[in-house]
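These protein sequence lines map, in sequence, to chains R and L.
Numbering of the first sequence is given in the UniProt record's numbering, commencing with residue 1 and proceeding in unit increments.
Numbering of the second sequence is given in the UniProt record's numbering, commencing with residue 1 and proceeding in unit increments.
See below for the structure under consideration.
There are 2 protein chains.
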Amino acid sequence: GALSQSSTQAVNGVSHRGKVLTLDSMNPNVKRVEYAVRGPIVQRAVQIEKELKEGVKKPFTEVIKANIGDAHAMGQKPITFLRQVLALCSYPELLEDNMFPEDAKKRARRILESCGGHSIGAYSASQGIECIRQDVARYIERRDGGIPSSPDNIYLSTGASDAIVTMLKLLVCGEGRSRTGVMISIPQYPLYSAALADLGAVQISYYLDEDKCWSLDVAELRRALNAARQHCNPRVLCIINPGNPTGQVQSRQCIEDVIRFAKEEHLFLMADEVYQDNVYAEGCKFHSFKKVLFEMGPEYSSTVEMASFHSTSKCYMGECGFRGGYMEVINMDPEVKAQLTKLVSVRLCPPVPGQALLDLVVNPPQPDEPSYTTFMKERTAVLAALAEKARLTEETFNTVPGITCNPVQGAMYTFPRITLPQKAIDKAKEEGQVPDMYYCMRLLEEEGICLVPGSGFGQREGTFHFRMTILPPTEKLKVVLQKIREFHLRFTQEFS
Amino acid sequence: GALSQSSTQAVNGVSHRGKVLTLDSMNPNVKRVEYAVRGPIVQRAVQIEKELKEGVKKPFTEVIKANIGDAHAMGQKPITFLRQVLALCSYPELLEDNMFPEDAKKRARRILESCGGHSIGAYSASQGIECIRQDVARYIERRDGGIPSSPDNIYLSTGASDAIVTMLKLLVCGEGRSRTGVMISIPQYPLYSAALADLGAVQISYYLDEDKCWSLDVAELRRALNAARQHCNPRVLCIINPGNPTGQVQSRQCIEDVIRFAKEEHLFLMADEVYQDNVYAEGCKFHSFKKVLFEMGPEYSSTVEMASFHSTSKCYMGECGFRGGYMEVINMDPEVKAQLTKLVSVRLCPPVPGQALLDLVVNPPQPDEPSYTTFMKERTAVLAALAEKARLTEETFNTVPGITCNPVQGAMYTFPRITLPQKAIDKAKEEGQVPDMYYCMRLLEEEGICLVPGSGFGQREGTFHFRMTILPPTEKLKVVLQKIREFHLRFTQEFS
């Protein structure tokens with residue numbers, strides 16, 4: 001292959017050789033990676049923004065990017081307490097100043113004391129700063145009603161993505177029919193399919209039930225698993241709860257069923273729980289996989305292997321840029337844990353400002369502390385606005401003929417189904433695009449709204465969707481919803 | 001393999017199954033990863049620190065960790081200007097305050113204006129914030145005497161490690177004899193061997209010449225390459241200049257020879273230049289690979305594919321915890337560049353505080369700005385102290401019988417050769433340790449000094465070394481050198 005080709009070229013003369021690294025000679029797994037959330041539609045959106053700046057006339061004056069869960073970019077203000085502590089950690093001379101509340105200073109001092117040379121510019125332990133891992137463990141214990149958590153099982157990470165990819169990397173082995181298979185939901189968050197392509201693992205798709213509010217059915221898990229057993233070695237089950245891009249919140253019963261299934265089928269569970277504070281719908285509640293696992297008794301809690309992921313990027317703080325996060329591993333073989341610790345040490349450590357931020361998230365101001373009132377006011381305001389926008393989004397979309405939308409029970413997205421006329425589907429094929437990409441590109445060009453086509457997340461054959469974040473400020477969201485409504489009616493009419 | 005084994009166990013009864021993820025069933029590439037800089041000796045050092053805290057009596061009162069280039073942990077103070085701007089970016093309310101100089105505020109405003117929602121909590125573009133990439137390009141142009149640099153070729157990263165691993169990942173393909181081979185120096189920085197193990201690429205070792213101050217000889221490159229062609233497809237040549245762990249600074253002539261070799265042999269060049277400001281020795285100068293490449297004329301500058309790496313963790317700033325860095329790619333195929341951009345988008349973006357920090361490094365205070373004097377004073381003091389410690393280290397070690405030490409021309413490390421008595425080598429074998437690990441462990445237990453054995457970096461068969469950073473404050477470094485001296489004499493005597 002590459003070897004003989006290179007030699008042949010050498011005979012023909014050095015100066016006529018092509019590049020060392022080309023599309024043909026690069027890592028083929030990387031070529032298979034797709035990541036729609038920042039794919040071609042977003043690149044076009046950035047281009048349009050530049051055109052607008054250069055004075056090119058468009059039917060709109062700004063591009064609204066509802067493609068990614070990026071709260072601050074959509075105007076959400078940072079939580080004061082978090083940023084005060086970060087400023088103190090960055091420039092400790094401010095500790096001498098009296099402009100910051102005492103609890104912010106106390107947190108900053110504690111973080112700095114656990115840093116090498118009392119500086120967030122020092123590397124931390126590769127697993128993360130010890131006192132922060134202790135705070136994470138205590139946070140999990142509070143969240144799960146006292147079920148014990150050990151700092152030794154906590155790994156801080158560069159956002160949740162980093163920890164998810166690391167965990168998948170540990171789990172992938174074998175060749176051909178023995179290659180590791182990983183079960184992921186469809187629709188899914190495309191980090192998963194991208195990581196599996198990169199690792200050369202086998203993706204096993206199980207479908208969420210759109211008709212039942214994107215719920216997860218164990219019968220469907222079993223169908224997918226049995227089919228996959230013919231061609232790979234299924235070892236991992238990934239769950240996103242609350243759901244991305246689908247916004248559903250799983251019931252306790254469903255989680256119990258999933259855990260039972262994982263145990264029966266000898267699967268490692270990966271629970272992506274980064275939206276654990278983002279639950280809006282009446283009657284819905286976040287149940288952590290760990291809590292349910294432990295409530296199922298020792299037969300489960302001492303055997304089922306699991307990793308749970310959390311992040312500073314979502315919930316009420318939305319601090320995506322800091323790339324903070326953690327994973328908790330449960331029932332992991334100690335020898336494997338040593339390998340995990342070794343593996344993360346190669347990258348030295350997660351960014352320390354992100355670790356500091358995570359510490360504040362898991363150890364927020366307490367009722368007797370000076371920052372408590374403001375902190376709670378800000379936190380509550382963000383979550384209440386999100387709940388309101390979740391309701392508004394569902395309601396508005398469901399008034400549009402040809403759009404049907406499940407309730408946004410949690411997370412930050414809606415994934416409505418759109419009915420596309422056959423002529424539009426044909427037109428898209430003519431243009432060499434999948435139909436919902438064509439739809440979203442037209443929406444972008446005509447209304448300046450950037451969404452992600454459902455095909456980027458996976459959907460049942462013949463159905464079409466898009467993902468939209470509910471993050472724009474309420475008044476702007478209303479405009480966005482109205483514009484999508486008008487576009488959809490116009491688009492449908494054009495092709496009918 | 002794993003598939004049939006799992007089925008067999010299922011027949012024997014579900015409850016007796018072992019774990020899903022064990023040492024036998026995990027990713028075998030991960031098992032092959034080694035990273036000595038944070039390996040067993042550092043784990044033991046952390047343990048000893050805990051024992052000291054618990055009151056266990058030791059022949060010393062503190063552990064001095066000279067195993068890793070972590071300047072702040074060794075007491076180096078952050079550069080004021082950098083931290084002022086970071087505090088302003090973290091908590092923009094401080095912009096209203098008059099405690100910060102105007103140039104710091106100006107930098108912070110510019111960074112914030114290029115962030116989504118004017119917040120460093122927003123995701124940035126995956127390639128990095130555009131105005132920071134512009135600043136990086138201008139910095140490179142200034143450094144290289146005006147040779148053009150384009151922001152489109154700049155990728156910001158999570159420390160240099162991230163970019164190095166990403167670049168290697170793009171380059172690895174093929175199976176068996178066609179598998180990509182990557183040339184790395186011996187001794188090397190173990191990120192390289194770790195990444196190659198993880199990616200299943202073939203490591204091609206070329207030896208630096210210890211007798212010639214760790215210089216690089218093209219004849220040795222050719223020897224290594226020709227040997228490797230028998231069993232893999234060599235495509236990449238990695239260079240670290242200034243050297244880690246060896247501290248040499250390459251001459252312009254050497255760099256020219258390496259570039260000519262890369263062109264002749266059709267190799268992609270990876271130039272790890274993270275110590276570019278750390279040059280101490282009289283007559284030594286940092287020459288960037290890019291500058292030399294362009295000075296060699298269009299035959300080279302328009303063909304040789306290259307990536308160069310830089311970081312915020314080293315030089316005078318030593319801000320390891322922020323995980324900032326960049327890579328510049330040169331002559332990269334545009335289609336491959338699109339694949340690279342896609343690949344980095346899966347992880348969303350490098351940490352934004354690290355990006356902001358990088359911006360200040362490439363765009364520091366100018367002579368007409370209020371922070372200039374303090375900034376230059378701090379920067380010069382750090383670099384002057386490092387130069388003094390480099391000299392002190394070499395001089396002291398070379399007075400110890402059985403230790404020989406090349407000059408520390410640059411970077412932050414010394415990699416002295418130690419002569420070990422045969423009886424010590426035998427004793428180490430008895431204990432199941434490689435001899436220099438045994439030596440370093442004894443040094444740690446007896447003197448509380450944590451170094452990394454040469455075997456963690458690679459060395460010629462039968463020779464032994466250790467890597468020590470020159471980062472401890474001068475007075476403490478003197479103590480460390482003295483203690484190593486005494487230990488070495490004692491150790492040698494014990495086994496002679």
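Quick reminder that beta carbons are idealized off the backbone N, C-alpha and C, glycines included.
Since the model is a prediction, treat every value here as computed from it, not as a measurement.
Handout entry: Where the alpha helix (DSSP H) containing R/Gln253 begins and where it ends
Key = Arg252 to Glu264
Exercise for the section: Report yes or no: is there a C-beta of chain L within less than 8 Å of the C-beta of R/Asn27? Expected result: Using a Cβ-Cβ cut-off of 8 Å, R/Asn27 counts as an interface residue toward chain L, since at least one Cβ of chain L sits closer than that to its own.
Problem - Residues of its chain near L/Thr419, where Cβ-Cβ distance is below 6 Å and the 5 sequence neighbours each way are ignored - result: Gly402
Practice task
Closer than 8 Å, Cβ to Cβ, to anything on chain R: give me those residues from the segment 332-364 of chain L, in chain order.
Solution key: The residues in question are Met332, Asp333, Glu335, Val336, Gln339, Lys342, Leu343, Ser345, Val346, Arg347, Leu348, Cys349, Pro350, Pro351, Val352, Pro353 and Gly354.
Handout entry: Buried or exposed by the 16-neighbour rule on C-beta atoms within 10 Å, applied to L/Gln482
Key = exposed
Problem - Three-state class that DSSP yields for R/Asn12 in the structure shown - result: Low confidence applies to R/Asn12: its pLDDT is 40, below 50, so where it sits in the model is not reliable, and the reading given next is rough at best. Assigned with DSSP and collapsed to three states, R/Asn12 falls in helix.
Handout entry: With 16 other Cβ atoms within 10 Å as the buried cut-off, status of L/Ala219
Key = L/Ala219 should be labelled exposed.
Problem - Partners in chain R for L/His72, counting only beta-carbon separations shorter than 7 Å - result: Going along chain R in sequence order, the residues near L/His72 (Cβ under 7 Å) are Gly116, Gly117, Ser119, Gly121 and Ala122.
Exercise for the section: Measure the alpha-carbon distance for L/Val336 versus L/Lys342 and round it to whole angstroms. Expected result: 10 Å
Problem - R/Cys131 - DSSP class collapsed to helix/strand/coil - result: helix
Practice task
Under 8 Å Cβ to Cβ from R/His488, same chain only, skipping five residues before and after it: list those, please.
Solution key: Val400, Gly402, Ile403 and Ile418
Problem - Extent of the continuous alpha helix (DSSP H) to which L/Pro28 belongs - result: Pro28 to Arg32
Practice task
Verify the CB distance criterion: does L/Phe375 have a CB-CB separation below 8 Å to chain C?
Solution key: Looking at the structure shown, chain C is missing, and the protein chains on hand are R and L.
Exercise for the section: Provide the residue span of the beta strand (DSSP E) that contains L/Asp70, from first to last. Expected result: Here L/Asp70 belongs to no beta strand (DSSP E), and DSSP marks it neither H nor E.
Practice task
Return the residue from the list L/Thr396, L/Thr474 and L/Phe322 that minimises the CA-CA distance to R/Leu86.
Solution key: L/Phe322
Exercise for the section: May I have the straight-line CA-CA distance separating L/Gly146 from L/Tyr372, to the nearest angstrom? Expected result: 23 Å
Practice task
Verify the CB distance criterion: does R/Lys212 have a CB-CB separation below 8 Å to chain L?
Solution key: no
Practice task
Would you tell me roughly how many angstroms separate the C-alpha atoms of R/Arg467 and R/Pro453, rounded to the nearest one?
Solution key: Rounded to whole angstroms, R/Arg467 and R/Pro453 show a C-alpha spacing of 6 Å.
Problem - Simplified DSSP assignment, three categories, for R/Ser302 - result: Reduced to three states, the DSSP call for R/Ser302 is coil.
Exercise for the section: Give a single yes or no on whether R/Cys173 has its beta carbon closer than 7 Å to a heavy atom of the ligand SAM. Expected result: Annotation note on the ligand SAM: not contained in the displayed structure, which lists no ligands.
Problem - Meets three-Cβ-pair contact criterion under 8 Å: the segment 371-388 of chain L and the segment 137-153 of chain L - result: At 8 Å Cβ cutoff, the stretches do not touch.
Handout entry: Inter-residue spacing [alpha-carbon to alpha-carbon] between L/Gln276 and R/Leu196
Key = 37 Å
Exercise for the section: Answer yes or no: does any C-beta atom of chain R fall closer than 8 Å to that of L/Gly321? Expected result: yes
Exercise for the section: Identify whether L/Thr399 lies in helix, strand or coil by the three-state DSSP scheme. Expected result: Correct three-state label for L/Thr399: coil.
Practice task
Could you name the residues of chain L that R/Thr158 contacts, counting a contact when the two beta carbons are closer than 8 Å?
Solution key: Thr158, Arg323, Arg347 and Pro351
Exercise for the section: Give a yes or no on whether the minimum CB-CB distance between L/Glu49 and chain R is below 8 Å. Expected result: no
Practice task
Look up R/Ile239 in the DSSP assignment and give the residues it is bridged to.
Solution key: R/Ala271
Handout entry: R/Gln248 in three-state terms, based on DSSP
Key = coil
Exercise for the section: Determine whether the Cβ of R/Gly318 lies closer than 8 Å to any Cβ atom of chain L. Expected result: yes
Handout entry: Pairwise C-alpha distance: R/Thr492 and R/Gln127
Key = 53 Å
Problem - Residue nearest to R/Glu475 in terms of C-alpha spacing, selected from R/Pro407, R/Met412, R/Lys423 and R/Glu388 - result: Ranked by how close their Cα comes to the Cα of R/Glu475, the residues R/Pro407, R/Met412, R/Lys423 and R/Glu388 have R/Glu388 in first place.
Problem - CB contact below 8 Å: L/Ser90 versus chain R - result: yes
Handout entry: Closest residue to R/Lys427 among R/Pro28, R/Ser496, R/Tyr207 and R/Gly448 (Cα-Cα distance)
Key = R/Ser496
Practice task
Would you please verify whether the beta carbon of L/Cys315 is less than 8 Å from any beta carbon of chain R?
Solution key: no
Practice task
Going by CA-CA distance only, name the one from R/Gly456, R/Cys450 and R/Gly448 that's closest to R/Pro435.
Solution key: R/Gly456
Problem - 8 Å Cβ cutoff, R/Gly75 in contact with chain L - result: yes
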